Amino acid sequence: MAAGYAWFLVLLSVFLCNLMKTLLPSISSFLSKMVQKDAEQENEMRAEIQEMKKEQSSISMMDEFARYARLERKINKMTDRLKTHVKSRTAQQAKMKWVVNIVFYILQAALMISLIWKYYSDPVTVVPSRWIAPVERLVAFPTGVAGGVGITCWLVVCNKVVTLGLHAVS
């Protein structure tokens, strides 16, 4: 492996992937807001419903029943339209979240596979054999170099350390 920077490259890749994983909800929310501009229409509908309710409260039900009932039907119709609109927007947000997650995990898997492919035969770093004596072959996999730390073991260790570090910070 190139003189001494590979361990840092892997650690940085794992750190950035874990950081992005924590930011995925914010990213998908931001993207869905950018794609959907329906909030203004929903706000207008809510304001219109409030106006109609205010108007309805000023009408005497006993004196002007027909007008009161007509307004009630309008309110119900507008409320149903708003509910339908909100449901469709919520479904689109869930779809966007799903797509963002899938794309992220595919890119993360591609990055990890490319790192393993590139550094398959070289150890990430070499440590004295006695430090890892009982599990030396497992740690050196797939390189087989005595005292070497293979890319797969290094990825697992980096992922665990970064996850614990990010969990402690948040």
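Under the numbering used here, the first residue of the sequence shown is numbered 1361, with each subsequent residue one higher. The beta carbon of each residue, even a glycine, is placed where N, CA and C say it ideally should be. Values in this document were obtained by computation on a predicted structure and should not be read as measured data.
Paired residues, beta bridge with T1485 - DSSP = Partner(s): V1509.
request  = Indicate the three-state DSSP secondary structure (helix, strand or coil) for M1380 in the structure shown.
outcome  = M1380 falls in the helix class under three-state DSSP.
Rounded C-alpha distance that separates F1368 from T1512 = C-alpha separation (whole angstroms): 14 Å.
request  = Please report how far the alpha carbon of A1426 lies from the alpha carbon of N1436, in whole angstroms.
outcome  = In a straight line, the C-alpha of A1426 is about 15 Å away from that of N1436.
query = Just how far apart, CA to CA, sit R1449 and V1505?
reply = Taking the straight line from one Cα to the other gives about 55 Å.
query = Are M1405 and M1456 touching if we call contact CB-CB under 8 Å?
reply = No, they are not a contact pair.
inquiry  = By the three-class DSSP mapping on this structure, what secondary structure does Y1428 have?
reply    = Correct three-state label for Y1428: helix.
query = Over what stretch of residues does the alpha helix (DSSP H) that includes S1418 continue unbroken?
reply = Counting along the chain, the alpha helix (DSSP H) containing S1418 begins and ends at 1399 to 1418.
query = Taking just the CA atoms, how far does M1394 sit from V1352?
reply = Here the chain has residues from 1361 to 1530 only, and residue 1352 is not among them.
message = Could you compute how far the alpha carbon of L1471 sits from the alpha carbon of V1529?
response = Between L1471 and V1529, the C-alpha separation is close to 25 Å.
query = If you draw a straight line from the C-alpha of V1446 to the C-alpha of N1461, how long is it?
reply = Spanning the two alpha carbons is a distance of roughly 22 Å.
request  = May I have the straight-line CA-CA distance separating R1433 from T1444, to the nearest angstrom?
outcome  = Approximately 17 Å, taken between the alpha carbons.
key: Buried versus exposed call for L1372 [16 or more other C-beta atoms within 10 Å across all chains shown]   = That one is exposed.
ask   = Anyone know if the C-beta pair for V1352 and P1483 falls short of 8 Å?
value = There is simply no residue 1352 to check, as the chain begins at 1361 and stops at 1530 in what is shown.
task = Can you grab the Cα-Cα spacing for the pair Q1401 / K1414, in whole Å?
result = Going by the C-alpha atoms only, they are around 20 Å apart.
request  = In angstroms with no decimal places, state the Cα-to-Cα distance between I1419 and A1407.
outcome  = Near 19 Å, if we compare the C-alpha coordinates of A1407 and I1419.
query = If you draw a straight line from the C-alpha of A1516 to the C-alpha of N1378, how long is it?
reply = Note that residue 1516 corresponds to Val in the displayed sequence, not to Ala. Distance between V1516 and N1378, taken at the CA atoms: about 13 Å.
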